[in-house]
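Participant: Those protein sequence lines, which keep their order, are chains A and B.
Numbered continuously in this note's numbering, the first sequence closes out at residue 195.
Numbered continuously in this note's numbering, the second sequence closes out at residue 1195.
Where a beta carbon is used, it is the ideal one built from N, C-alpha and C, also for glycine.
There are 2 protein chains.
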Amino acid sequence: MELTNVGKVILGSLRATPRSGYEIKQLVDGSTRFFWAASYGQIYPELARLGVQGLVERESAPTGGRRRTVHSLTEAGRRALHDWLVSPEPLTMEVRDEGLLKVFFADTLASDEALAVVRAKRAHHEAVVARLEAVEPYAAAERAGGQAFPPLTLEYGLGLNRWIVAWCADVEERLSAGLPERQPRQERADVPSTR
Amino acid sequence: MELTNVGKVILGSLRATPRSGYEIKQLVDGSTRFFWAASYGQIYPELARLGVQGLVERESAPTGGRRRTVHSLTEAGRRALHDWLVSPEPLTMEVRDEGLLKVFFADTLASDEALAVVRAKRAHHEAVVARLEAVEPYAAAERAGGQAFPPLTLEYGLGLNRWIVAWCADVEERLSAGLPERQPRQERADVPSTR
DNA sequence: GGGCTCATGTAAGTGGTTACATGATTAT
DNA sequence: ATAATCATGTAACCACTTACATGAGCCC
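Shown next as structure tokens:
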């Protein structure tokens, strides 16, 4: 009975705390989203399947008068999570990086356009860094509360994206140094302004 | 008429050289696979669609007696490629990193198991580094031949994966320093050996 | 002759996103 | 009152992988 991709995040999210599907989604969006995403369309059906397989238990736990179902790991669920975590299977690693693909093909572009491609990639990763920096305080609190690993992955995301920003900056420099401006002396002083 | 994901790699692969579907697949597997993959099941149908859209032209170009169809960009195809490359649309960036997900949940594990998780991730990226180093000479040749950007992305892959390896090594150190071996003084001298 | 690589495709299935439907509760 | 958030789900669709089918030429 192989664990699905979504199954892995779900069991992991329930490792210490029973949660609702909604809360799992919140957690994923707020922390693992950058390296492992999940949508409602996957979470709810998978929670049902994990229930059938006996890996999670559901319990009604309304907040105020609002209906709410929290899920917690069964013993089998805890075992399945552990088995996956220690499994020596090769690790899934998939990337789809449009910015880098553009760089790959940038030799068809004029030098200023190629430069813009790299700048756009840098801007993207600078924005990611900013978003990660914004959640850093929460991670510090978590770390104080004994949870060391989630903050570690935040550190990872920050370091990695900063490395990418630096790489882009370096390439931008090399490009503007190596490739001279095209027609730097193209003033239009000869064309009279129409207004 | 929006360009699909596969469409992007295909048009890019044809930017300078007409190629067969088979050759496109070879190229992708040998270079962009680490950040943008594509399978035959996508490439052939998409080549047909791009033909209908007038973005590529097909020409029979058998090698020896073996049938072969090469595709080249039409003017419209060249324009579509250029439009995509300079488009300011937000860049697709998707990652699915199972190693990091395991690290995220590693607080449920015993300290030696958590250490093993990080080591496994490091091993994975060390293998990637080795594979990329193996193709470095080809990239050097390409660079000499005027194509500067594909080798740049190889550099990127190398640098990034080396950074990850270093991060893992650092975390491993911190883990083995900060978390003492569990029961370091559990010698069984009191239990007489049965043989 | 047998196995490998070149070469082109299709069919079935999987994994995932997006949009929608519904409804209660809380905050402004 | 109404907008935002909490909460649970489903249906349609899209992207992608895997496996298969087919066949020719190449190398030993």
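#1: Once you ignore the five residues that flank residue 151 (chain A) on each side, which residues in its own chain have a CB closer than 6 Å to its CB?
#2: Please classify residue 73 (chain A): does DSSP put it in a helix, a strand, or coil?
#3: So what's residue 1063 (chain B) in DSSP terms, helix, strand or just coil?
#4: Taking only beta-carbon atoms, is residue 98 (chain A) less than 7 Å away from chain B?
#5: Quick test of the definition: if touching needs 3 or more C-beta pairs under 8 Å, does the segment 1097 to 1109 of chain B touch the segment 1034 to 1042 of chain B?
#6: Anything in chain B within Cβ reach of residue 106 (chain A), meaning under 8 Å, just list it in chain order.
#7: Would you say residue 103 (chain A) faces chain B, with C-beta separation under 7 Å as the test?
#8: Using 7 Å as the threshold, is the C-beta distance between residue 14 (chain A) and residue 1153 (chain B) below it?
#9: Can you pull the DSSP bridge partners for residue 1095 (chain B)?
#10: Using 10 angstroms around the beta-carbon of residue 173 (chain A), count the other beta-carbons present and answer buried if the total reaches 16, otherwise exposed.
#11: Taking only runs that begin and end inside the segment 81 to 142 of chain A, name each unbroken beta strand (DSSP E) of 3 or more residues, in chain order.
#12: Who are the Cβ neighbours of residue 1123 (chain B) in its own chain at under 8 Å, not counting the five residues just before and after it?
#13: On the premise that residue 1055 (chain B) lies in contact with residue 1076 (chain B), defined as a C-beta separation below 8 Å, what is that separation, rounded to the nearest angstrom?
#14: Going straight from the alpha carbon of residue 57 (chain A) to that of residue 70 (chain A), what length do you get?
#15: Helix or strand or just coil, what does DSSP make of residue 1068 (chain B)?
#16: How is residue 174 (chain A) classed by DSSP in three states: helix, strand or coil?
#17: Kindly indicate the opening and closing residues of the alpha helix (DSSP H) around residue 1055 (chain B).
#18: Quick one: is residue 15 (chain A) near chain B, going by C-beta distance under 7 Å?
Facilitator: According to the structure shown:
#1: The residues are 139, 142 and 143.
#2: Strand.
#3: Residue 1063 (chain B) falls in the strand class under three-state DSSP.
#4: Flagged as an interface residue toward chain B: residue 98 (chain A), by a C-beta distance shorter than 7 Å.
#5: The segment 1097 to 1109 of chain B vs the segment 1034 to 1042 of chain B: no contact.
#6: Neighbours of residue 106 (chain A) in chain B, taken as residues whose beta carbon is under 8 Å from its own, are 1085 and 1149 in chain order.
#7: It does; some Cβ of chain B falls within 7 Å.
#8: Between residue 14 (chain A) and residue 1153 (chain B), the C-beta gap is not smaller than 7 Å, which leaves the two residues out of contact.
#9: In DSSP, residue 1095 (chain B) forms a bridge with A:95.
#10: That one is exposed.
#11: Listed in chain order, they are 93 to 97.
#12: Nothing meets the Cβ criterion.
#13: With a contact defined as Cβ atoms closer than 8 Å, residue 1076 (chain B) and residue 1055 (chain B) qualify at about 6 Å.
#14: Whole-angstrom Cα-Cα distance: 8 Å.
#15: The three-state secondary structure of residue 1068 (chain B), taken from DSSP, is coil.
#16: Here residue 174 (chain A) sits in helix by DSSP.
#17: Per DSSP, residue 1055 (chain B) is not a residue of any alpha helix (DSSP H), being assigned neither H nor E.
#18: Chain B, which has a Cβ nearer than 7 Å to the Cβ of residue 15 (chain A), makes this yes.
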